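Residue numbers (the numbering used here): 1354 to 1643.
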């Protein structure tokens, strides 16, 4: 079972990478034109103003407006988190749902399968994939610095929400080890990463986001299988994770306006690392544009 999970995770990521490689030129077509404009020599118009500087300012304004539209709050974005968290609350107060939780936990106890430890680190795979795809040449919507800001904001929101609820509700874990079962922090981390992965690469390939959500769902299943959480804990973690990712994007224009509003538009940084083997020699090539 443990080896199967590793193979499945690798298969999902490789499928997403292979599919995205065929479509990544669509996302590059927009940024290339802007980078080309930034390389045009400065030319003076009749009034003595720099045509190149005006063009760069125009690109910066257009990009900022596009970012506002992309990160704008929409009430429909709350539908999935509210439904997931709302459904999970029934596990705390509705007796038939509590009984369902116990029955599912008993089902996984009977075969006495060994514990799966992959969920302890696989929860971070969707987040790492945001950087990994960029490193492999599949460019998302934001660069490394912007992704770091979004992920840090999302992670802070997720940590605050999860721990506030955990130590307020104090639900006992199925294995009886502690009273901090509701919601699942591992699942929240995985679904937060899956939503960020979907948002960053939805214009490149929808399969990247689908792969992230499949992996996040597997993490939630592992938490139930390992008797660390009830099913409703996993649902709550999924809802909080998605909501936290949304918060990261809602807040990003604020950080952009506060800390980066004075910066001139410039071409995005680009890092690429590729292994090679020619039959006799093995090595890797590394390139960086900034």
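Idealized CB from N, CA, C, for every residue including glycine.
Since we're looking at a predicted model, the values are computed, not measured.
A check of alpha carbon separations from residue 1424 across 1612, 1611, 1598, 1613 identifies 1598 as the nearest. In this chain, residue 1493 is not harboured by any alpha helix (DSSP H), its DSSP state being neither H nor E. The C-beta separation of residue 1576 from residue 1472 comes to about 6 Å, placing the pair in contact by the 8 Å criterion. The criterion of a C-beta distance shorter than 8 Å is satisfied by residue 1483 and residue 1553. Residue 1547 places its beta carbon 8 Å or farther from that of residue 1578. The straight-line gap separating the alpha-carbon atoms of residue 1532 and residue 1557 is approximately 42 Å.
Rounded to the nearest whole angstrom, the C-alpha separation of residue 1524 and residue 1504 is 28 Å.
DSSP places residue 1582 in the coil class of the three-state scheme, outside both helix and strand. A check of alpha carbon separations from residue 1478 across 1584, 1431, 1561, 1430 identifies 1561 as the nearest. In this structure, residue 1507 keeps its C-beta atom at 8 Å or more from the C-beta atom of residue 1595.
Here DSSP, grouped into helix, strand and coil, assigns residue 1593 to helix. Using a Cβ-Cβ distance cut-off of 8 Å, the region 1508–1515 and the region 1457–1477 are not in contact, since fewer than three pairs of beta carbons, one from each stretch, lie closer than that value. The straight-line gap separating the alpha-carbon atoms of residue 1568 and residue 1448 is approximately 30 Å. Inter-residue distance for residue 1440 and residue 1534 is about 16 Å (C-alpha atoms, whole angstroms). Bounds of the alpha helix (DSSP H) holding residue 1442 are 1432–1446. Sequence-distant partners of residue 1590 (beyond 5 residues in either direction) whose C-beta falls short of 6 Å from its own C-beta, in its chain, are 1536, 1537, 1540, 1541. The beta carbon of residue 1438 lies closer than 6 Å to those of 1589, 1592 in the same chain, with the five residues before and after it left out. In this structure, residue 1549 places its C-beta atom within 8 Å of the C-beta atom of residue 1480. Between residue 1502 and residue 1603, the C-beta spacing is not below 8 Å. It is roughly 27 Å from the alpha-carbon of residue 1500 to the alpha-carbon of residue 1436. Within the same chain, Cβ atoms closer than 6 Å to the Cβ of residue 1433 are found at 1595, the five residues on either side in sequence being excluded. For the region 1446–1472, the full-length alpha helix (DSSP H) segments reaching 4 residues or more read 1448–1462 along the chain.
Pairing residue 1583 with residue 1454 gives a Cβ-Cβ distance under 8 Å. Exclusion of the five residues before and after residue 1462 leaves 1580 as the residues of its chain whose Cβ lies within less than 8 Å of its Cβ.
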